[in-house]
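Accompanying notes for the structure given below.
Residue numbers (this note's numbering): 377 to 815.
The following block contains the structure:
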């Protein structure tokens, strides 16, 4: 072996300067280094120098990466070095190749995420309470249905939580079964008490879909039952399956309701819970949740009233300051209806000035990411099976939001000879290969 040149002739910015390169008998460039006297093989003493940006380098990295069973950069680089190869800029080169490895994405790739979307219009409108409603079912609880000589017979109860999208008030109805008929009865009771809604939002639960079809509350359904939709003038919007984060407005209320109810049940004997007691508890939970502050409680003595949903729903928050431009104090004493009107206007003024601004910030998902597009190959997340059994699919339709960012897609998969198309959020997908790279 001989030196390729003197150190003074190698540019100071060259990565070869510290390697003291030499040329072997075959005319190949190798590392000279300082460990020639070590009792180790020539591969480790004088490894072959390979440039990072070369197709041969990519093939070598992929080969040794597969030999270590798709482990990380550290193991891959050690295997390459022990086999007599020295890649200039190895760490960055190996990392970039591993990031594009489809098998590694299958095994350890993260699910997709996108910048948090803007709030829907129904969260920002000053409409009457429960005009735009989000609903979900939670439970069950065991209640005593009847007592017999031999003991008692128990049955289960669930609860439907209705959340007003703008005032953030809640309404809870107890149902006896997870069927469409029970949900329809709960809807009828809700509309009778709170008035008709303009729009309902929910996930794609089987009871919700069944009720929507039976009541003809979905614009896409073409059935004979149209009376309910025409009378109520209400539409039903479904979030994609497995997208609980898109219904956070009512999912948070369910969590709060559960915590309050658990505290109530802790003070009472759970075995003595009856349907009547459960309904009473749910009414008390509703009152507690609707009395929660929507904004941080002010220490200013000029604002003694706390902005809560019950301030508008019950009209019993006390006599708020009277807007001078609308009614005088004399009118307030004489006309009860003007007191109610003033209370409602006070709520909406404070809602607009104090509460609406709290919705401005994003608490996570700050950055935009490249959109998933049609033709991309993805891995479909399935919690019921192990990760190495998750099905692969191809994006057949990307559904952009109003801001042009794709957060929902339609995925086509083929399993056991059966082709299926799923409607999923991108948070349930692991990106594998771009449509530009797929063959």
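Glycine included, every Cβ here is placed at the ideal spot set by N, Cα and C.
All figures in this text were calculated on a predicted structure; none of them were measured in a lab.
Closest in alpha carbon position to residue 423, among 392, 484 and 445, is 392. Sorting 512, 687, 727 and 621 by C-alpha distance to the C-alpha of residue 563 places 512 at the top. The straight-line gap separating the alpha-carbon atoms of residue 720 and residue 491 is approximately 35 Å. Judged by beta-carbon spacing, residue 509 lies within the 8 Å limit of residue 539, meaning their Cβ atoms are closer than that value.
Restricted to the segment 423-489, the alpha helix (DSSP H) segments that are unbroken, complete and at least 4 residues in length are 431-443, 449-458, 466-475 and 478-484, listed in chain order. A straight line joining the alpha-carbon of residue 516 with that of residue 667 spans about 25 Å. With 16 or more neighbouring CB atoms inside 10 Å of its own CB, residue 784 falls in the buried class.
Within the same chain, Cβ atoms closer than 7 Å to the Cβ of residue 463 are found at 426, 428, 433, 456 and 469, the five residues on either side in sequence being excluded. Residue pairing by DSSP places residue 798 opposite 787 in a beta bridge. Boundaries of the alpha helix (DSSP H) harbouring residue 663: 651-666, taken from the DSSP string.
Spanning the alpha carbons of residue 781 and residue 742 requires a straight line of approximately 13 Å.
Sequence-distant partners of residue 759 (beyond 5 residues in either direction) whose C-beta falls short of 8 Å from its own C-beta are missing from its chain.
About 4 Å separates the CB atoms of residue 806 and residue 485; that is less than 8 Å, so the two are in contact. Shown here, residue 612 sits in a strand according to DSSP, grouped into three states.
Apart from the 5 residues on each side of it in sequence, residue 804 sits with its Cβ closer than 8 Å to the Cβ of 487, 618, 619, 756 and 757 in its chain, given in chain order. Rounded to whole angstroms, the gap between the alpha carbons of residue 686 and residue 753 is 49 Å. Exclusion of the five residues before and after residue 489 leaves 741, 745, 802 and 803 as the residues of its chain whose Cβ lies within less than 8 Å of its Cβ. Exposure of residue 412 is indicated by the presence of fewer than 16 other C-beta atoms within 10 angstroms of its C-beta. Within 10 angstroms of the beta-carbon of residue 437 lie 16 or more other beta-carbons, which makes it buried. Shown here for residue 514: same chain residues with a beta carbon closer than 8 Å to its own, the five before and five after excluded, namely 534, 535, 537, 630, 633 and 634 in chain order. The beta carbon of residue 440 sits closer than 8 Å to the beta carbons of 452, 455, 456 and 459 from its chain, once the five residues preceding and following it are set aside; these are given in chain order. For residue 798, the closest alpha carbon among the candidates 578, 792 and 787 is that of 787. With a 10 Å radius around the Cβ and a threshold of 16 neighbouring Cβ atoms, residue 642 comes out exposed. Residue 684 holds the alpha-carbon nearest to the alpha-carbon of residue 669 among 684, 655 and 765. In the three-state reduction of the DSSP assignment, residue 521 falls in the strand class, which pools E and B.
Counted as a single uninterrupted DSSP element, the alpha helix (DSSP H) harbouring residue 557 occupies residues 556-570.
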